[in-house]
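Visitor: Dumping the structure here so I can ask a few things about it.
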Amino acid sequence: MKTNYSITSLKRWSCKSKEIPGIPQVKSIHVYDFDNTLFSSPLPSQQIWAGQTIGFLQTYEAMAYGGWWHDSSILMATGQGIEKEEPRAWEGSWNETVVDLVRCSVETKDALTVLLTGRGETNYADLINRILTSKELDFDLVALKPEVGPSGVYFESTMAFKQAFLQDLVLTYKHAEEIRIYEDRPRHVKGFRDYFEKLNKSFLSHPADQPAPPRKPITAEVIHVCELKSSLEPQAEIEAVQKAIARHNQSVLNGGPNPHKAVNKPLKIVENYLYLGHLINQNDSARLISLCNVPSHLIDSGEVRFMASNILIAPSYARKDVVQKAGGRGKKVMWQVNGVAKYEDRIWAARVTPISEAQVYTKDPTPTVVLAIRKGSRPIDASKITNWQPVSAEKAFMFQTEIGDKVMLEIQQDEGHPQAQARGRGRDNQNKRKFNDDTDVKENWPKPGEPNNRPGDRHGQGRYFNRSKANFNNANNPNAAGNPGKQLQGNNFAKGNNQQGRNHGGNARGGGKNRGSGNRGPAYKSLDDYGPNNFDGPSDPKGQAPGAMVMDY
Numbered sequence: 001m002k003t004n005y006s007i008t009s010l011k012r013w014s015c016k017s018k019e020i021p022g023i024p025q026v027k028s029i030h031v032y033d034f035d036n037t038l039f040s041s042p043l044p045s046q047q048i049w050a051g052q053t054i055g056f057l058q059t060y061e062a063m064a065y066g067g068w069w070h071d072s073s074i075l076m077a078t079g080q081g082i083e084k085e086e087p088r089a090w091e092g093s094w095n096e097t098v099v100d101l102v103r104c105s106v107e108t109k110d111a112l113t114v115l116l117t118g119r120g121e122t123n124y125a126d127l128i129n130r131i132l133t134s135k136e137l138d139f140d141l142v143a144l145k146p147e148v149g150p151s152g153v154y155f156e157s158t159m160a161f162k163q164a165f166l167q168d169l170v171l172t173y174k175h176a177e178e179i180r181i182y183e184d185r186p187r188h189v190k191g192f193r194d195y196f197e198k199l200n201k202s203f204l205s206h207p208a209d210q211p212a213p214p215r216k217p218i219t220a221e222v223i224h225v226c227e228l229k230s231s232l233e234p235q236a237e238i239e240a241v242q243k244a245i246a247r248h249n250q251s252v253l254n255g256g257p258n259p260h261k262a263v264n265k266p267l268k269i270v271e272n273y274l275y276l277g278h279l280i281n282q283n284d285s286a287r288l289i290s291l292c293n294v295p296s297h298l299i300d301s302g303e304v305r306f307m308a309s310n311i312l313i314a315p316s317y318a319r320k321d322v323v324q325k326a327g328g329r330g331k332k333v334m335w336q337v338n339g340v341a342k343y344e345d346r347i348w349a350a351r352v353t354p355i356s357e358a359q360v361y362t363k364d365p366t367p368t369v370v371l372a373i374r375k376g377s378r379p380i381d382a383s384k385i386t387n388w389q390p391v392s393a394e395k396a397f398m399f400q401t402e403i404g405d406k407v408m409l410e411i412q413q414d415e416g417h418p419q420a421q422a423r424g425r426g427r428d429n430q431n432k433r434k435f436n437d438d439t440d441v442k443e444n445w446p447k448p449g450e451p452n453n454r455p456g457d458r459h460g461q462g463r464y465f466n467r468s469k470a471n472f473n474n475a476n477n478p479n480a481a482g483n484p485g486k487q488l489q490g491n492n493f494a495k496g497n498n499q500q501g502r503n504h505g506g507n508a509r510g511g512g513k514n515r516g517s518g519n520r521g522p523a524y525k526s527l528d529d530y531g532p533n534n535f536d537g538p539s540d541p542k543g544q545a546p547g548a549m550v551m552d553y
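In structure tokens form, the structure reads like this:
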């Protein structure tokens with residue numbers, strides 16, 4: 001612990017040019033986190049990326065110029081992009097309750113107001129100051145993680161950086177009686193509480209042969225703020241990631257800079273077809289979920305994930321004859337709930353029947369919507385349910401589905417072998433398509449309202465990108481389930497059934513064993529992880545998938 005603390009030394013942490021209050025003036029210190037506490041920073045969409053790719057994207061070493069939290073172009077793409085958002089102060093991207101608290105802090109004469117974020121100072125200082133200025137938030141200090149601290153220290157983690165800064169802060173303003181920290185991440189909330197408990201103990205006792213403590217204990221309050229959740233528009237998100245990959249690949253091919261020590265191999269995006277099904281929209285999914293009576297302790301503990309995303313037609317990439325039997329992608333079908341059941345307190349499901357349809361096609365004999373599954377269970381086991389309970393008239397509601405694919409994108413190393421890049425060649429590459437270059441995204445993504453199918457597409461299929469952004473990858477359904485990675489690859493297509501009229505159908509599917517990002521750090525969870533609409537198969541953070549949100553910044 002150093003012995004000399006001054007305002008001049010403290011200002012070296014800040015990337016904002018502003019005179020800060022004198023030491024005797026400050027009686028209270030208010031510290032605010034930026035990402036998803038004050039500002040709704042976009043997270044990688046679990047409706048777009050497979051679980052292991054979400055984990056990969058957020059690591060420091062993901063690409064030559066950094067991952068999701070290290071490449072400023074991602075944050076610049078928030079909303080409609082910086083050119084449109086800056087004049088309107090990123091309206092809709094703020095936690096307005098926390099904004100009001102910041103303004104109260106600024107107006108408090110004896111309070112020091114600080115923004116503290118683990119985003120890198122080199123890449124983000126200008127952008128974050130512009131965002132704050134647009135909202136007229138006048139912090140005294142804006143502290144971002146430097147490559148090297150003021151005393152020449154390299155920080156191994158964001159928490160190490162923040163604790164070093166906070167120590168300088170409270171030892172400089174030694175007359176401050178309290179410090180309040182606003183933070184959304186439970187792990188950081190605990191880390192700050194533990195840190196100040198330990199720091200205050202050091203102020204109370206010291207060896208007799210050592211100097212007296214530099215200050216008396218400070219009252220520390222860490223306020224856990226509900227995490228804000230947002231994503232980029234699907235098309236904008238994929239274009240942003242594709243551009244980052246293009247920059248990475250160019251650096252690899254040219255032997256250029258690799259400041260983040262990324263894997264020194266080109267990368268590519270491939271799409272992984274998980275299943276073809278009668279897809280259920282978000283509102284109807286929420287209504288269906290309300291039918292299952294899952295014990296609250298299972299929800300709170302993360303044992304159960306909600307689904308209600310589809311009625312399965314075929315796993316993986318459906319054959320042409322299966323698509324034709326089902327009526328083609330884009331076909332809409334009306335259904336009515338006529339029963340509910342649970343299987344061994346592990347699977348909750350609804351039985352449905354088509355309305356005014358001479359013929360529908362589903363994978364299994366009984367049309368079933370899997371509503372929720374317990375961790376370690378398989379949605380396919382819903383087909384074992386035999387004891388269906390009838391529903392009351394008010395619960396026998398009707399809903400509409402649309403036939404479509406559940407597709408997730410993966411980032412993989414590009415080995416450069418044509419046979420590995422061609423769609424449909426070889427078992428290890430089935431149901432996947434590579435984005436060849438940066439223009440591929442722009443050419444193949446649809447304009448809103450474009451149809452799903454175009455003449456001449458393989459197997460009569462409209463390319464995955466010929467889908468309205470509003471309906472991207474069933475993105476209007478946050479409960480849409482599906483296995484990440486390659487779990488549904490191969491040629492093991494189950495036989496389908498033609499359904500005549502009512503009371504026939506198939507089993508919903510989409511869960512299974514999780515694959516993730518390996519040891520990429522703890523999952524990012526917060527107070528609102530437990531709501532009924534926050535689950536999406538194994539990619540879901542409550543499903544404990546290794547590919548859950550990892551905030552590596």
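Heads up: the sequence shown begins at 1 in UniProt numbering, then just goes up one per residue.
Built from N, CA and C at the ideal position, the CB exists for glycine as well.
Since the structure is predicted, the reported quantities are computational estimates derived from the model, not experimental observations.
#1: Label residue 366 either buried or exposed according to how many other C-beta atoms from any shown protein chain fall within 10 Å of its C-beta, with 16 as the threshold for buried.
#2: Taking only runs that begin and end inside the region 219–267, name each unbroken beta strand (DSSP E) of 3 or more residues, in chain order.
#3: Excluding the 5 residues preceding and the 5 following residue 501 in the sequence, name in chain order all residues of the same chain whose CB lies nearer than 6 Å to its CB.
#4: Around the C-beta of residue 496, are 16 or more other C-beta atoms found within 10 angstroms, so that it is buried, or is it exposed?
#5: Whole-angstrom Cβ separation of residue 220 and residue 179, contact assumed at under 8 Å?
#6: State the beta-bridge partners of residue 278 as determined by DSSP.
#7: Since residue 406 and residue 277 are thought to touch, with beta carbons under 8 Å apart, how far apart are those beta carbons, to the nearest angstrom?
#8: When you compare only the Cα positions, how much space is there between residue 122 and residue 146?
#9: Take residue 131 as the anchor and find which of 160, 99, 154, 149 has the nearest alpha-carbon.
#10: Nearest CA to the CA of residue 110: which residue from 54, 22, 339?
#11: With a threshold of 8 Å, are at least 3 pairs of Cβ atoms found where one atom belongs to the region 379–398 and the other to the region 338–358?
#12: So the candidates are 411, 55, 82; which of them puts its Cα closest to the Cα of residue 265?
#13: Short of 7 Å in beta carbon distance, which residues of its chain neighbour residue 228, apart from the five on each side in sequence? Order them along the chain.
#14: Is it buried or exposed for residue 208, if we count other Cβ within 10 angstroms and need 16 for buried?
#15: On a CA-only basis, which of 216, 54, 138, 398 is nearest residue 103? Give me that one, please.
#16: Suppose the cutoff is 7 Å on Cβ atoms and the five residues either side in sequence are ignored; what does the same chain contact list for residue 203 look like?
#17: Within the same chain, show all residues whose beta-carbon is closer than 8 Å to that of residue 170, passing over the 5 residues directly before and after it, in chain order.
#18: So within the region 339–367, which uninterrupted beta strand (DSSP E) runs reach at least 3 residues, ignoring any that extend past its ends?
#19: Is the number of C-beta pairs between the region 348–355 and the region 316–330 that are closer than 8 Å three or more?
#20: Let me know if residue 255 comes out buried or exposed under the rule of 16 or more other beta-carbons within 10 Å of its beta-carbon.
#21: Smallest Cα separation from residue 163: which of 140, 297, 174, 189?
#22: Could you give the distance in angstroms between the alpha-carbon of residue 11 and the alpha-carbon of residue 140?
#23: Under three-state DSSP, which class holds residue 297?
#24: Count the other CB atoms, across all protein chains shown, that sit within 10 Å of the CB of residue 119; report buried if there are 16 or more and exposed otherwise.
#25: Would you report the Cα separation of residue 51 and residue 317, rounded to the nearest angstrom?
#26: Please report the distance separating the alpha-carbon of residue 237 from that of residue 93.
#27: Compute the Euclidean distance between the alpha carbons of residue 116 and residue 142, then round it to the nearest angstrom.
#28: Just how far apart, CA to CA, sit residue 47 and residue 310?
#29: Label residue 97 either buried or exposed according to how many other C-beta atoms from any shown protein chain fall within 10 Å of its C-beta, with 16 as the threshold for buried.
#30: Measure the C-alpha to C-alpha separation of residue 85 and residue 128 and round it to an integer number of angstroms.
#31: When you compare only the Cα positions, how much space is there between residue 16 and residue 233?
#32: Report the CB separation of residue 172 from residue 5 in whole angstroms; it is logged as a contact under 8 Å.
#33: With DSSP run on the structure shown, which of helix, strand or coil describes residue 305?
#34: Measure the beta-carbon distance from residue 274 to residue 53 and round it to whole angstroms, keeping in mind my assumption that it falls under 8 Å.
#35: Find out if the Cβ-Cβ distance for the pair residue 401, residue 279 is shorter than 7 Å.
#36: Given that a residue counts as buried once 16 or more other Cβ atoms are within 10 Å of its Cβ, and exposed if not, what is residue 151?
Guide: According to the structure shown:
#1: As a working note, residue 366 is residue 366 in the sequence shown. With 16 or more Cβ atoms within 10 Å of its Cβ, residue 366 is classed as buried.
#2: Every unbroken stretch of the beta strand (DSSP E) spanning 3 or more residues and falling wholly within the region 219–267 is given here in chain order: 219–224.
#3: What you label residue 501 is simply residue 501 of the sequence shown in a count that begins at 1. Reliability of the predicted coordinates at residue 501 is poor, the pLDDT of 40 falling under 50, and the value obtained from them is presented with this limitation in mind. Shown here for residue 501: not one same chain residue has a beta carbon closer than 6 Å to its own, the five before and five after excluded.
#4: On the sequence shown, position 496 is the one that residue 496 refers to. Residue placement at residue 496 is flagged as unreliable, the pLDDT there being 44, under the threshold of 50; the coordinate-derived value follows with that caveat. It counts as buried.
#5: Position 220 of the sequence shown, counting from 1, holds the residue named residue 220. Position 179 of the sequence shown, counting from 1, holds the residue named residue 179. About 5 Å; that satisfies the 8 Å criterion.
#6: Here residue 278 corresponds to residue number 278 of the sequence shown, with the count starting at 1. Answer by DSSP bridge pairing, in chain order: 311, 403.
#7: Residue numbering aside, residue 406 sits at position 406 when the sequence shown is read from its first letter. Residue numbering aside, residue 277 sits at position 277 when the sequence shown is read from its first letter. In this structure residue 406 is in contact with residue 277, their Cβ atoms being roughly 7 Å apart against a cut-off of 8 Å.
#8: Taking the sequence shown and counting its residues from 1, the one referred to as residue 122 is at position 122. Taking the sequence shown and counting its residues from 1, the one referred to as residue 146 is at position 146. So the two alpha carbons sit approximately 7 Å from each other.
#9: Looking up residue 131 in the sequence shown gives position 131. When C-alpha distances from residue 131 are compared across 160, 99, 154, 149, the shortest belongs to 99.
#10: Here residue 110 refers to the residue found at position 110 of the sequence shown. Ranked by Cα distance from residue 110, the first of 54, 22, 339 is 22.
#11: With contact defined as three or more Cβ pairs closer than 8 Å, the region 379–398 and the region 338–358 are in contact.
#12: Here residue 265 is taken as the residue at index 265 of the sequence shown, counted from 1. Nearest of 411, 55, 82 to residue 265, Cα basis: 411.
#13: Locating residue 228 in the sequence shown gives position 228, counting from the first residue. Same-chain partners within the cutoff: 36, 40, 95.
#14: Counted from its first residue, the sequence shown places residue 208 at position 208. With fewer than 16 neighbouring CB atoms inside 10 Å of its own CB, residue 208 falls in the exposed class.
#15: Along the sequence shown, one-based indexing puts residue 103 at 103. Residue 138 is the option with its Cα nearest to residue 103.
#16: Working through the sequence shown from its first residue, we reach residue 203 at position 203. Once the five neighbours on either side are set aside, the close Cβ partners of residue 203 are 213, 215, 216, 217.
#17: Counting from 1 along the sequence shown, the entry for residue 170 is found at position 170. For residue 170, where only same-chain residues beyond five positions count, the Cβ hits under 8 Å are 29, 176, 179, 199, 215, 218.
#18: The qualifying runs are 347–354, 359–362.
#19: No: the two stretches stay apart, fewer than three of their Cβ pairs being nearer than 8 Å.
#20: Residue numbering aside, residue 255 sits at position 255 when the sequence shown is read from its first letter. Looking at its Cβ environment, which holds fewer than 16 other Cβ atoms inside 10 Å, residue 255 is exposed.
#21: The residue labelled residue 163 in the question sits at position 163 within the sequence shown. The residue among 140, 297, 174, 189 with its C-alpha nearest the C-alpha of residue 163 is 189.
#22: Here residue 11 refers to the residue found at position 11 of the sequence shown. Here residue 140 refers to the residue found at position 140 of the sequence shown. If you take the alpha carbons of residue 11 and residue 140, they lie about 10 Å apart.
#23: Residue mapping note: residue 297 aligns to position 297 of the sequence shown, counting from 1. Secondary structure at residue 297: helix, using DSSP grouped into helix, strand and coil.
#24: Sequence index remark: in the sequence shown, residue 119 carries index 119 (1-based). Label assigned to residue 119: buried.
#25: What you label residue 51 is simply residue 51 of the sequence shown in a count that begins at 1. What you label residue 317 is simply residue 317 of the sequence shown in a count that begins at 1. Here the C-alpha atom of residue 51 lies approximately 19 Å from the C-alpha atom of residue 317.
#26: Counted from its first residue, the sequence shown places residue 237 at position 237. Counted from its first residue, the sequence shown places residue 93 at position 93. Separation of residue 237 and residue 93 (C-alpha to C-alpha, rounded to the nearest whole angstrom) is 16 Å.
#27: By 1-based counting over the sequence shown, the position of residue 116 is 116. By 1-based counting over the sequence shown, the position of residue 142 is 142. If I take the Cα positions, the gap works out to 6 Å.
#28: Counting from 1 along the sequence shown, the entry for residue 47 is found at position 47. Counting from 1 along the sequence shown, the entry for residue 310 is found at position 310. Answer to the nearest angstrom: the Cα atoms are 14 Å apart.
#29: For the purposes of this step, residue 97 is taken as residue 97 along the sequence shown, with counting starting at 1. Flag for residue 97 reads exposed.
#30: On the sequence shown, residue 85 is found 85 positions in, with the first residue counted as 1. On the sequence shown, residue 128 is found 128 positions in, with the first residue counted as 1. Residue 85 and residue 128: Cα-Cα distance of roughly 13 Å.
#31: The sequence position of residue 16 within the sequence shown is 16, counting from 1. The sequence position of residue 233 within the sequence shown is 233, counting from 1. Going by the C-alpha atoms only, they are around 31 Å apart.
#32: For the purposes of this step, residue 172 is taken as residue 172 along the sequence shown, with counting starting at 1. For the purposes of this step, residue 5 is taken as residue 5 along the sequence shown, with counting starting at 1. Right, the Cβ-Cβ distance comes to about 4 Å (below 8 Å), so this counts as a contact.
#33: As a first step, residue 305 must be located in the sequence shown, where it is residue number 305. Looking at residue 305 - three-state DSSP - the assignment turns out to be strand.
#34: The sequence position of residue 274 within the sequence shown is 274, counting from 1. The sequence position of residue 53 within the sequence shown is 53, counting from 1. Distance from residue 274 to residue 53 at the Cβ level is roughly 14 Å; contact not present, criterion being Cβ atoms closer than 8 Å.
#35: For the purposes of this step, residue 401 is taken as residue 401 along the sequence shown, with counting starting at 1. For the purposes of this step, residue 279 is taken as residue 279 along the sequence shown, with counting starting at 1. Cβ atoms of residue 401 and residue 279: closer than 7 Å.
#36: On the sequence shown, residue 151 is found 151 positions in, with the first residue counted as 1. If you draw a 10 Å sphere on the C-beta of residue 151, you find fewer than 16 other C-beta atoms in it, and that means exposed.
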